[in-house]
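For the sequence shown, full-length UniProt numbering begins at 1 and goes up steadily by one.
In this text, a Cβ means the ideal position worked out from N, Cα and C, and glycines have one as well.
Please read these numbers as outputs of a predicted model, since none were measured by experiment.
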Amino acid sequence: MQKIDSRESFESQRKGDTPLRGMSSTQREISAGRRESLGSAGSAQGSTRGKGGFNSAILSRAVIDSFSKLNPRVLWKSPVMFVVEITAVLTTFFSLRDVVNGQAVWFDAQIAAWLWITVLFANFAEALAEGRGKAQADSLRRARSETLAKKLTGAQVEEIPSSRLRKGDMVLVEAGDFIPGDGEVIEGIASVDESAITGESAPVIRESGGDRSSVTGGTRVLSDWIKVRITANPGETFLDRMIHLVEGARRQKTPNEIALSILLVGLTIIFLLAVATLEPFAIYSGTLASVPVLAALLVCLIPTTIGGLLSAIGIAGMDRLLKGNVLAMSGRAVEAAGDVDVLLLDKTGTITLGNRMATEFVAASGVSPERLAGAAQLASLADETPEGRSIVILAKEKFNLRERDMSGLKAEFVPFSAHHRMSGVNLEGREIRKGAGDAIEKYLGERGGTIPPEVKSAIEDIAKKGGTPLVVAEDVKVLGVIYLKDVVKGGIKERFAQLRRMGIKTVMITGDNPLTAAAIAAEAGVDDFLAEATPEAKLKLIRRYQDDGHLVAMTGDGTNDAPALAQADVGVAMNSGTQAAKEAGNMVDLDSNPTKLIEVVETGKQLLMTRGSLTTFSIANDVAKYFAIIPALFTATYPELGTLNVMGLATPQSAILSAVIFNALIIVALVPLALRGVTYRPLGAAAILRRNMLIYGLGGLIAPFAGIKLIDLLIAALGLA
Numbered sequence: 001m002q003k004i005d006s007r008e009s010f011e012s013q014r015k016g017d018t019p020l021r022g023m024s025s026t027q028r029e030i031s032a033g034r035r036e037s038l039g040s041a042g043s044a045q046g047s048t049r050g051k052g053g054f055n056s057a058i059l060s061r062a063v064i065d066s067f068s069k070l071n072p073r074v075l076w077k078s079p080v081m082f083v084v085e086i087t088a089v090l091t092t093f094f095s096l097r098d099v100v101n102g103q104a105v106w107f108d109a110q111i112a113a114w115l116w117i118t119v120l121f122a123n124f125a126e127a128l129a130e131g132r133g134k135a136q137a138d139s140l141r142r143a144r145s146e147t148l149a150k151k152l153t154g155a156q157v158e159e160i161p162s163s164r165l166r167k168g169d170m171v172l173v174e175a176g177d178f179i180p181g182d183g184e185v186i187e188g189i190a191s192v193d194e195s196a197i198t199g200e201s202a203p204v205i206r207e208s209g210g211d212r213s214s215v216t217g218g219t220r221v222l223s224d225w226i227k228v229r230i231t232a233n234p235g236e237t238f239l240d241r242m243i244h245l246v247e248g249a250r251r252q253k254t255p256n257e258i259a260l261s262i263l264l265v266g267l268t269i270i271f272l273l274a275v276a277t278l279e280p281f282a283i284y285s286g287t288l289a290s291v292p293v294l295a296a297l298l299v300c301l302i303p304t305t306i307g308g309l310l311s312a313i314g315i316a317g318m319d320r321l322l323k324g325n326v327l328a329m330s331g332r333a334v335e336a337a338g339d340v341d342v343l344l345l346d347k348t349g350t351i352t353l354g355n356r357m358a359t360e361f362v363a364a365s366g367v368s369p370e371r372l373a374g375a376a377q378l379a380s381l382a383d384e385t386p387e388g389r390s391i392v393i394l395a396k397e398k399f400n401l402r403e404r405d406m407s408g409l410k411a412e413f414v415p416f417s418a419h420h421r422m423s424g425v426n427l428e429g430r431e432i433r434k435g436a437g438d439a440i441e442k443y444l445g446e447r448g449g450t451i452p453p454e455v456k457s458a459i460e461d462i463a464k465k466g467g468t469p470l471v472v473a474e475d476v477k478v479l480g481v482i483y484l485k486d487v488v489k490g491g492i493k494e495r496f497a498q499l500r501r502m503g504i505k506t507v508m509i510t511g512d513n514p515l516t517a518a519a520i521a522a523e524a525g526v527d528d529f530l531a532e533a534t535p536e537a538k539l540k541l542i543r544r545y546q547d548d549g550h551l552v553a554m555t556g557d558g559t560n561d562a563p564a565l566a567q568a569d570v571g572v573a574m575n576s577g578t579q580a581a582k583e584a585g586n587m588v589d590l591d592s593n594p595t596k597l598i599e600v601v602e603t604g605k606q607l608l609m610t611r612g613s614l615t616t617f618s619i620a621n622d623v624a625k626y627f628a629i630i631p632a633l634f635t636a637t638y639p640e641l642g643t644l645n646v647m648g649l650a651t652p653q654s655a656i657l658s659a660v661i662f663n664a665l666i667i668v669a670l671v672p673l674a675l676r677g678v679t680y681r682p683l684g685a686a687a688i689l690r691r692n693m694l695i696y697g698l699g700g701l702i703a704p705f706a707g708i709k710l711i712d713l714l715i716a717a718l719g720l721a
């Protein structure tokens, strides 16, 4: 353990010392190993996000897992496939008994083999869906290996293993160091490589204050230094939670899955009782109905197709989000996204490009533009937002206003507040404020001042043009307005039109005044807007929609967004945002792209469409099997039932075996569709229902007739039955 004076550490950083200088050989090996680990993690993560996303390692693991999932304690969670496994065990037992008794077992053994194959194919579908998540979990585990942390104790820096860090500890992270745990930046600014988490090689900026202060353990600082307050104990970090989630270790069934499972169990019980009553009837009538044949009948009657694919569909839905760099904290969140009918979207960065820039100083009557620019610049010198920096730059370009002696002016900066919606600076004998028109009006009103009519007119003109007016006041005198412009993203209006056709209402959230908000809302094509939004106003709006029976989704990145994210049915927090926002939401966007909310909703709807489509196909699919297996069982006793053999199957044994084989093969044939998802189209519910009934309902009826007939011809040609 080493103790190093923190001032020396900062000084060596300033002088440009290399990150590894001063480390022991062991420390250098650890650092090099961590870089290699993160590099392999990033490449592994990237490989799982390619087209298809399956490699030989994932496929081989899925095959092995298919057999391990035969464990009844695992399989009982899928009741339909558990029943199939029981029938496979019974069929195998009676086949072995016949072998001992010297009876012919070829036909029964084939049925037993295909019943086992049916269970294995269903297990393979689930294991393959889990495979991509497990591969990424492995890469994340490599990124989570032990690091050295520079714990701050007073003025000293103590190097300890990251596993000894606890919530509330302060650490110093310098260029080349790995961030030892989840935390908030409390001092400094640095460029951070987050490729191990996001898969993106481009570094990001993390700094104290604002909404880009959250850092994740396992990422690496590339330049400068930051002080971090640890916000999670070992085992509770974002990486730990991500590992558990992506490998499906904590996946719980969603409400829709549970409801569908209950339906499938009900159908299975009904068919089980119906088949069980056939045994005494078969003995009495001399029908071809041995235990293996009855087992084959049961498996063909129960909804094995959707029963075998149901879990894979849910896991694949979460994985599709993960490929888009969105981490869903539960399957329930993905499913809720599919049912969302109200989207709350921040204007800045989502609907607009987010880089509002100062373009003009509109001075009040009797005020020179230079005086307005000077005051606006003074109020913006401590404003690190893009808007604040653009005001400083515009004042320099237009009026050649350069650096000021702020110490001589005894400046005291007033930071922006979401509640007061203004910022500024207090000088000796002067108070300068800039902010929204109504906020400045309230501020002046408390001091006996007002906004002149010509300034109000300028505010309205700028707002009508879709710009953002910032009013500048010095003491009780209004100096003028700063014209900020933002640009609506290309193609966003068409996206909102698609959402409207799907029955989804879009609501723009902005801190701008109502006139500005109305102009942007009209240009973007949103259905409604909330202007001058405060945290309380967002929360109230969400609750109002929920009280009216709507499901609401929103994005956020700041601590002031946390209450609304927690209240929303789908809350997507930005990974670059604060820890409070990430803990409040039920999804985290690793790319920190607010527009991603639209893709999240589309993925959720695709999940529901896929589940509904394959359920329709499965039930329709079973109807065709009745025409194959029922005549085969009862034609000998009731010849008139031969008219139901519309497929003209060769023999009763061939008909039964063909139906069982098709029942197994259709599961593996539908695995790609279950994992990829049904092609998403922005249609209304009625149009989607008609499309599913036509494609998957009619297709589910036709496919088995063709498939079973082809298998029957092959069996007859090979003499297998």
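Which listed residue (the options) has its alpha carbon closest to that of residue i
i, options, result
"S68", "F124, D240, A562, I58", "F124"
"K410", "F529, V646, E431, E494", "E431"
"R293", "I520, L670, T92, A333", "Before going on, a small fix: residue 293 reads as Val here, not Arg. Answer by Cα proximity: T92."
"E536", "I262, A524, R229, G511", "G511"
"A155", "M508, V171, T147, E257", "V171"
"E441", "V471, S417, K464, S423", "V471"
"I270", "E194, L165, V83, V63", "V83"
"S592", "L614, G556, A436, T615", "G556"
"L414", "E446, I393, A379", "The sequence given here has Val at residue 414, not Leu. Nearest of E446, I393, A379 to V414, Cα basis: A379."
"A521", "G480, D486, L565", "D486"
"A650", "P704, A566, L713", "L713"
"E387", "V367, G366, S423", "S423"
Three-state class that DSSP yields for residue i in the structure shown
i, result
"Y680", "coil"
"Y483", "strand"
"G424", "strand"
"R212", "coil"
"I58", "helix"
"G648", "coil"
"D569", "coil"
"V476", "coil"
"E187", "strand"
"M554", "strand"
"G235", "coil"
Beta carbon of residue i nearer than 9 Å to that of residue j
i, j, result
"A655", "A624", "no"
"T254", "G307", "no"
"I629", "A664", "no"
"V478", "I451", "yes"
"A232", "G181", "yes"
"A517", "K323", "no"
Alpha-carbon spacing of residue i relative to residue j, whole angstroms
i, j, result
"R402", "Q377", "9 Å"
"M81", "V99", "27 Å"
"residue 726", "S390", "Residue 726 lies beyond the range of the chain shown here (1 to 721); nothing can be said about it."
"V105", "G648", "25 Å"
"G183", "I226", "11 Å"
"A687", "A458", "48 Å"
"E130", "A336", "21 Å"
"I711", "G699", "18 Å"
"V588", "D339", "19 Å"
"K489", "R220", "32 Å"
"I86", "A276", "14 Å"
"W116", "A122", "10 Å"
"T615", "L309", "9 Å"
Residue i burial status per 10 Å Cβ neighbour count (16 or more: buried)
i, result
"residue 734", "Any answer about residue 734 is impossible in this case: the structure gives the chain only from 1 up to 721."
"A439", "buried"
"N560", "buried"
"A363", "buried"
"Q579", "buried"
"G612", "buried"
"K51", "At K51, the pLDDT of 40 sits below 50, so the modelled position is not reliable; the number obtained from the coordinates is stated separately. Exposed, by the Cβ-count rule."
"S163", "exposed"
"A259", "exposed"
"S66", "buried"
Near the ligand GDP: residue i beta-carbon under 8 Å from a heavy atom
i, result
"S290", "You won't find the ligand GDP in this model; it holds no ligand whatsoever."
9 Å Cβ cutoff, residue i in contact with chain D
i, result
"V488", "Given the protein chain composition of this structure (a single chain), no chain D is represented."
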